[in-house]
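Structure record follows, encoded as structure tokens.
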Amino acid sequence: MKLLKSVLACSLVAFSASVFAADYDWKFQSSDQPGDDAFKYQEQWAKDVEKLSNGRIHISVLGAGSVVEHNQTLDSIGMNIIQGDFTDPSYFSGKDPAFALYGNLIGAWSNPKDLIDFMYNGGGFDVANELLNKYGVQLLAVSTVGGESLVSKKPIHNIKELHGVKVRAPEGLVQALFKGLGAAPVNLPGSEVYTSLEKGVIDASDYSIFARNQANGMNDIAKYPIYPGWHSMPVNQVTLNKKIYDSLPQDLKDVLAKASKQYAEGFLGMHQKLDEEAIKSKKADITIVSWSPEEVAKVREVATKMWPEWAKKSPMSEKYYNVVMKYLKDKGMVK
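Residues -21 to -1, 1 to 314 in mature numbering (1 follows the signal peptide of the UniProt record, and there is no 0) are what the sequence shown spells out, letter by letter.
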């Protein structure tokens, strides 16, 4: 009798699990680590999708490197090793240079809301999705952390004062921009930025948003951060295996479309709030340096001269360049 009750109990548990199991169970790998604010937001977004879909979609969010390296998620999604990701598309520039333009069009944006508007209303989303589709990947959402603050040990108010400054900048468009502005770019991994600033190997650094720079102690040793930033505004995308997306019923595609807009606004909003709080709590001996609109316009002028060369690198690069230039011209942001 006891055995029968045990069997029945196990059967009921199994039945209940099968009744309430999600129709779709996906693994999304993030380029952020568990505990990071971005990762926490992505976990909450996954829960929101589950709620919006009435439990039919379940997404497990995995930390950077959990399944594959950060620059391998594109291929892994196409092969259905993981089903999606939250990441910076610049990591895939080796696949197609267009990912560099899409991932971080240096000098283009002063206001992150302009970037979001371009992606969702100016044609950027469609071109980015076309690019991703070539690898069996569907674009679900696009957002950004906002403009990254430049960490600096000396006050730099304009391009002239930037001349000769040793700036840590990653290879590619960001490094090319600083070189074009007269700085002396140094290629260093992010893990070496703090000690390099401390030892005087570099004077300034591209690193992250103001809040993250402050949390990592950068502003404690480089007391003249440039904020708002003008050099870098990286995209953060959410994607899904295209075959899976195409097979979804329309109501679930609608759920993902609604969640996409929530991600675009919410991810950015969270990081802007973090920056605001960090600025309020900064130490008295930290001086924020803000560049004038006229000086930022000069930066954009230098940056826009680099974009055409990058646009020649592939058909998709040219396509993305043409769409973004039309948007910027229509908005009066470039001549």
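Ideal Cβ positions, reconstructed from N, Cα and C, are used throughout, including at glycine.
Relative to the alpha-carbon of Ile60, which residue among Gly311, Leu219, Asp309 has its alpha-carbon at the smallest distance?
-> Working through the sequence shown from its first residue, we reach residue 60 at position 81. When only C-alpha atoms are compared, the closest one is Leu219.
What are the start and end residues of each continuous beta strand (DSSP E) run of 3 or more residues lying completely inside the stretch 198 to 284, in chain order?
-> Within the stretch 198 to 284, complete beta strand (DSSP E) segments of at least 3 residues are found at 214 to 220, given in chain order.
Cα-Cα separation between Tyr114 and Trp286, rounded to whole angstroms | Here residue 114 refers to the residue found at position 135 when the sequence shown is read from its first residue. Here residue 286 refers to the residue found at position 307 when the sequence shown is read from its first residue. Tyr114 and Trp286 have their alpha carbons spaced roughly 24 Å apart.
If we count Cβ pairs, one from each stretch, closer than 8 Å, do we get three or more for the stretch 120 to 128 versus the stretch 199 to 215?
-> Here the stretch 120 to 128 makes contact with the stretch 199 to 215; the two share three or more CB pairs at distances below 8 Å.
If Ile200 sits next to Glu177, beta carbons under 8 Å apart, how far is it from one beta carbon to the other, in whole angstroms?
-> By one-based count along the sequence shown, residue 200 stands at place 221. By one-based count along the sequence shown, residue 177 stands at place 198. Their Cβ separation, rounded to whole angstroms, is 5 Å, which keeps Ile200 and Glu177 in contact under 8 Å.
Please report how far the alpha carbon of Phe71 lies from the alpha carbon of Glu255, in whole angstroms.
-> The count along the sequence shown starts at 1 and reaches residue 71 at position 92. The count along the sequence shown starts at 1 and reaches residue 255 at position 276. So the alpha carbons of these two residues sit roughly 31 Å apart.
Please classify Asp130: does DSSP put it in a helix, a strand, or coil?
-> Within the sequence shown, numbered from 1, the residue matching residue 130 stands at position 151. The question names Asp, yet the displayed sequence has Val at residue 130. In the structure shown, Val130 sits in a strand (DSSP, three-state: E or B).
Any chance you could list the beta strand (DSSP E) runs of at least 3 consecutive residues sitting entirely within the stretch 132 to 177, in chain order?
-> Counting only runs of at least 3 residues, the stretch 132 to 177 fully encloses the following beta strand (DSSP E) elements, listed from N- to C-terminal order: 145 to 147, 163 to 165.
Residue burial classification, Pro76 (beta-carbon count within 10 angstroms, cutoff 16) | Translated into the one-based positions of the sequence shown, residue 76 becomes position 97. Buried: at least 16 other Cβ atoms inside 10 Å.
Anyone know if the C-beta pair for Gln62 and Phe7 falls short of 8 Å?
-> If you number the sequence shown from 1, residue 62 lands on position 83. If you number the sequence shown from 1, residue 7 lands on position 28. With respect to the 8 Å criterion, Gln62 and Phe7 are classified as neighbours on the basis of their beta carbons.
Go ahead and pull the three-state DSSP assignment for Ile56.
-> Start at 1 with the first residue of the sequence shown, and residue 56 comes out as number 77. Note: Ile56 maps to helix in three-state DSSP.
Proximity below 8 Å, CB of Ala190 to CB of Ala257 = In the sequence shown, counting from the first residue as 1, residue 190 sits at position 211. In the sequence shown, counting from the first residue as 1, residue 257 sits at position 278. With contacts defined by Cβ atoms closer than 8 Å, Ala190 and Ala257 form a contacting pair.
If you pair each beta-carbon of the stretch 178 to 189 with each one of the stretch 134 to 151, do three or more pairs fall below 8 Å?
-> The answer is yes - the stretch 134 to 151 touches the stretch 178 to 189, with three or more Cβ pairs under 8 Å.
Who are the near neighbours of Val165 in its chain, counting only those whose CB is closer than 6 Å to its CB and skipping five residues on each side?
-> Counting from 1 along the sequence shown, the entry for residue 165 is found at position 186. For Val165, the CB contacts under 6 Å within the same chain, skipping 5 residues up- and downstream, are Lys145, Arg147, Ile181 in chain order.
Give the straight-line distance between the Cα atoms of Ser55 and Ala263, rounded to the nearest whole angstrom.
-> On the sequence shown, position 76 is the one that residue 55 refers to. On the sequence shown, position 284 is the one that residue 263 refers to. Computed Cα separation, rounded: 47 Å.
For Tyr70, which three-state DSSP category applies?
-> Counting from 1 along the sequence shown, the entry for residue 70 is found at position 91. In the structure shown, Tyr70 sits in a helix (DSSP, three-state: H, G or I).
Does the distance from the CB of Leu152 to the CB of Ala79 come in under 8 Å?
-> As a working mapping, residue 152 is identified with position 173 in the sequence shown. As a working mapping, residue 79 is identified with position 100 in the sequence shown. Yes, they are a contact pair.
Have a look at Phe18 and Asp11 and give me their C-alpha separation to the nearest angstrom.
-> In the sequence shown, residue 18 corresponds to position 39, counting from 1. In the sequence shown, residue 11 corresponds to position 32, counting from 1. Straight-line Cα distance between these residues: approximately 6 Å.
Where does Ser296 fall in DSSP's three states?
-> Stepping through the sequence shown from its first residue, residue 296 is reached at position 317. DSSP places Ser296 in helix when its eight states are reduced to three.
Closest residue to Ser69 among Gly57, Met58, Asn83 (Cα-Cα distance) | Numbered from 1 along the sequence shown, position 90 holds the residue referred to as residue 69. Selected option, being the one with the closest Cα: Asn83.
Taking C-alpha atoms, which residue in Met197, Gln23, Met304 lies nearest to His37?
-> The residue given as residue 37 occupies position 58 in the sequence shown. Of Met197, Gln23, Met304, the residue nearest in Cα terms is Gln23.
Just the Cα atoms here: how many angstroms apart are Val47 and Ile223?
-> Here residue 47 refers to the residue found at position 68 when the sequence shown is read from its first residue. Here residue 223 refers to the residue found at position 244 when the sequence shown is read from its first residue. In a straight line, the C-alpha of Val47 is about 20 Å away from that of Ile223.
Which class does Asp15 belong to by DSSP, given the choice of helix, strand or coil?
-> Your numbering for residue 15 matches position 36 in the sequence shown. Asp15 falls in the coil class under three-state DSSP.
Just tell me which of Asp64, Glu29, Asp27 has its CA closest to the CA of Gly44.
-> As a working note, residue 44 is residue 65 in the sequence shown. A check of alpha carbon separations from Gly44 across Asp64, Glu29, Asp27 identifies Asp64 as the nearest.
When Gly73, Asp105, Lys92 are compared against Glu150, the one with the closest alpha-carbon | In the sequence shown, residue 150 corresponds to position 171, counting from 1. Closest by C-alpha distance to Glu150, out of Gly73, Asp105, Lys92, is Gly73.
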